[in-house]
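One structure is given here, and the rest of the page talks about it.
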Ligand code: SAH
Ligand code: SF4
């Protein structure tokens, strides 16, 4: 266990979060620890890593110095750099801009509820799907995030919450990128639910997809191991309109999507969330609402309606109150459970669109979850996100 500082400088470090607990214990045994010692120490290290206590390998405690040096020599924690923050958790939400080692920038959001703290994670830098109204899609695809980079976003918020005696209780995959086009999404979910890691109950995790049929089928097949919630970003219920708004519809059209969701419901015996961003004069008509009713036939679903957040490259406007009433009246007439996220409350929470609606337990109508102020406000590092990040943060904030 001799540390050679030159070697240390010349060698690239491995990602400590990418090790599962068995692999970490094996590594400790390879460094000369007995099986019992490796087990005890491995669990101790994991507790510190995943309970939000440490931000670097250097700050691990209760580790024998020889092992600690070896860990420092060979491993690192993929801790992103906190570039900027918007919002105020006392008002319900904060959004952080994080910089990864390759210079990529991603967003992560923390939402506070009376009894829960939900983190909204990104799964890709940019997105290839190109939904016309989405700021992330407008900028194109850069790369997938690794499972560690996804988990590191939750740990980023966890560290901050732990310092105030709180913990992350829910995770939503609704940040930048399409989670079902990144194989590492499932690895990240496994780490999140692992009771020895973050231990977040699968039912408190929601994955939102634009409608990647093979991914939905895979999720359904994994439901016994990973019974997480599924949200589908539908936005239109005729292929003609959905082809325009959501180009991925040309690959997986509505009939194929319906079959995939029916399979998911059959396998999981659970309902699905349907996301519908309401754009004035585009998809907020009673005809689209009726088409949605037709499309939903046989699918137990909860519809989340979100007025559009304007983005720079899309000319659409959010729906009007009047048209919203027309749309919801159709849903009500057919007894379809729905939630409307009103454009009020905190800017940042509104910016996170349907997240609030997903966390709301009401089955119908526009109930907003209650917010509990935190004792300490976040430090605002930089209020301006101009020119930073692949997606315009402002686009996710209500005006
Ligand atoms: N790629 C996944 C998850 C990330 S997008 C998906 O599309 O589901 C998260 C949600 O934000 C999606 O429902 C998406 O349609 C919605 N969204 C994107 N841009 C928006 C905007 N400008 N206004 C309102 N909702 C938006
Ligand atoms: Fe990608 Fe989702 Fe944005 Fe569509 S809405 S471009 S799938 S991140």
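Numbering (the numbering used here), first residue to last: 903 to 1301.
The beta carbon of each residue, even a glycine, is placed where N, CA and C say it ideally should be.
Sheet register partners of residue i (DSSP bridge)
{"i": "residue 1111", "result": "1134"}
{"i": "residue 1014", "result": "1019"}
{"i": "residue 1073", "result": "1021, 1107"}
{"i": "residue 1207", "result": "1178, 1242"}
{"i": "residue 1220", "result": "1181"}
{"i": "residue 1225", "result": "Looking at the DSSP assignment, residue 1225 forms no beta bridge with any residue, so it has no partner."}
{"i": "residue 1093", "result": "BP columns for residue 1093 are empty, so no partner."}
{"i": "residue 995", "result": "990, 1013"}
{"i": "residue 1000", "result": "984, 1008"}
{"i": "residue 1043", "result": "1028"}
Pick from the options that is closest to residue i, judged by C-alpha positions
{"i": "residue 1117", "options": "1226, 1148, 1058, 1084", "result": "1084"}
{"i": "residue 995", "options": "1002, 1095, 987", "result": "987"}
{"i": "residue 1128", "options": "1166, 1208, 1145", "result": "1166"}
{"i": "residue 1026", "options": "1214, 1010, 1201, 1092", "result": "1010"}
{"i": "residue 977", "options": "929, 934, 1077", "result": "929"}
{"i": "residue 1222", "options": "963, 1243, 1000, 967", "result": "1243"}
{"i": "residue 1187", "options": "1095, 1139, 1086", "result": "1139"}
{"i": "residue 935", "options": "954, 1232, 966", "result": "966"}
{"i": "residue 1113", "options": "939, 1241, 1082, 1238", "result": "1082"}
{"i": "residue 1149", "options": "1212, 1105, 1032, 1077", "result": "1032"}
{"i": "residue 1176", "options": "1141, 1145, 1132, 1156", "result": "1132"}
{"i": "residue 924", "options": "916, 943, 914", "result": "943"}
{"i": "residue 1220", "options": "1209, 1227, 1213, 1205", "result": "1209"}
{"i": "residue 1110", "options": "1101, 1079, 1097, 1093", "result": "1079"}
{"i": "residue 1100", "options": "1024, 1070, 1077, 1074", "result": "1070"}
{"i": "residue 1004", "options": "1020, 982, 990, 1016", "result": "982"}
{"i": "residue 1158", "options": "1096, 1115, 1020", "result": "1115"}
{"i": "residue 1058", "options": "984, 1194, 1212, 1155", "result": "984"}
{"i": "residue 916", "options": "1015, 1017, 1050", "result": "1050"}
{"i": "residue 946", "options": "1098, 1015, 968, 1016", "result": "1098"}
{"i": "residue 952", "options": "1062, 1227, 1195, 1174", "result": "1062"}
{"i": "residue 1020", "options": "937, 1055, 1042", "result": "1055"}
{"i": "residue 1035", "options": "1046, 1002, 1211", "result": "1211"}
{"i": "residue 1024", "options": "1000, 1017, 1018", "result": "1000"}
{"i": "residue 1217", "options": "1224, 1197, 1184, 1225", "result": "1184"}
{"i": "residue 1002", "options": "1015, 1066, 979", "result": "979"}
Residues near residue i by beta carbon distance below 7 Å, same chain, minus five either side
{"i": "residue 1125", "result": "1169, 1170"}
{"i": "residue 1251", "result": "Unreliable positioning characterises residue 1251 in this predicted model, as indicated by a pLDDT of 43, which lies under 50. A coordinate reading is not provided."}
{"i": "residue 1044", "result": "1006, 1027, 1028, 1292"}
{"i": "residue 927", "result": "940, 941, 944"}
{"i": "residue 1254", "result": "Note on residue 1254: pLDDT 40, under 50, position unreliable in the model; the coordinate value appears next. Excluding sequence neighbours, residue 1254 sits near 995, 1011, 1013, 1022, 1298."}
{"i": "residue 1090", "result": "1049, 1052, 1053"}
{"i": "residue 1236", "result": "1195"}
{"i": "residue 1260", "result": "Summary for residue 1260: the model assigns pLDDT 38, below 50, so the residue's position carries little reliability, and this model does not support an answer."}
{"i": "residue 1068", "result": "1019"}
Residue i: CB within 8 Å of a non-hydrogen atom of the ligand MN
{"i": "residue 1006", "result": "As for the ligand MN, it is missing from this structure, which binds only the ligand SAH and the ligand SF4."}
Proximity test, residue i beta-carbon vs the ligand SAH heavy atom, cut-off 8 Å
{"i": "residue 1000", "result": "no"}
{"i": "residue 1302", "result": "Because residue 1302 is not part of the residues shown, which for the chain are 903 to 1301, the question remains open."}
{"i": "residue 1075", "result": "yes"}
{"i": "residue 1203", "result": "no"}
{"i": "residue 1028", "result": "no"}
{"i": "residue 1112", "result": "yes"}
Near the ligand SF4: residue i beta-carbon under 8 Å from a heavy atom
{"i": "residue 1228", "result": "no"}
{"i": "residue 1117", "result": "no"}
{"i": "residue 1009", "result": "no"}
{"i": "residue 1153", "result": "no"}
{"i": "residue 1053", "result": "no"}
{"i": "residue 1124", "result": "no"}
{"i": "residue 1036", "result": "yes"}
{"i": "residue 1212", "result": "no"}
{"i": "residue 934", "result": "no"}
{"i": "residue 1033", "result": "yes"}
{"i": "residue 1022", "result": "no"}
{"i": "residue 1079", "result": "yes"}
{"i": "residue 1184", "result": "no"}
Close beta carbons around residue i, own chain, < 6 Å, minus the five adjacent residues each side
{"i": "residue 1265", "result": "Only weak support is given to the placement of residue 1265: the predicted model assigns it a pLDDT of 31, under 50, and the value that follows is read from those uncertain coordinates. Excluding sequence neighbours, residue 1265 sits near 1239."}
{"i": "residue 956", "result": "950, 962"}
{"i": "residue 1180", "result": "1186, 1207, 1209, 1221"}
{"i": "residue 973", "result": "959"}
{"i": "residue 1151", "result": "1144, 1145"}
{"i": "residue 1107", "result": "1073, 1130"}
{"i": "residue 1191", "result": "1229, 1232"}
{"i": "residue 1064", "result": "954"}
{"i": "residue 1247", "result": "Confidence is the limiting factor: at residue 1247 the pLDDT is only 34, short of 50, which leaves the residue's position unreliable and the question unanswerable from this model."}
{"i": "residue 921", "result": "none"}
{"i": "residue 1193", "result": "1139, 1140"}
Own chain residues within Cβ distance below 8 Å of residue i, not counting five before or after
{"i": "residue 1164", "result": "1200, 1201"}
{"i": "residue 1154", "result": "1113, 1114, 1115, 1162"}
Minimum Cβ-Cβ distance from residue i to chain C less than 9 Å
{"i": "residue 966", "result": "Going by chain labels, chain C is absent from the structure shown, which holds only one protein chain."}
Checklist entry - Which full runs of the alpha helix (DSSP H) of 4+ residues lie inside the region 904-980, going along the chain? => result Runs of alpha helix (DSSP H) with 4 or more residues, each lying fully within the region 904-980, are found at 907-912, 923-932, 937-952, 967-976, listed in chain order.
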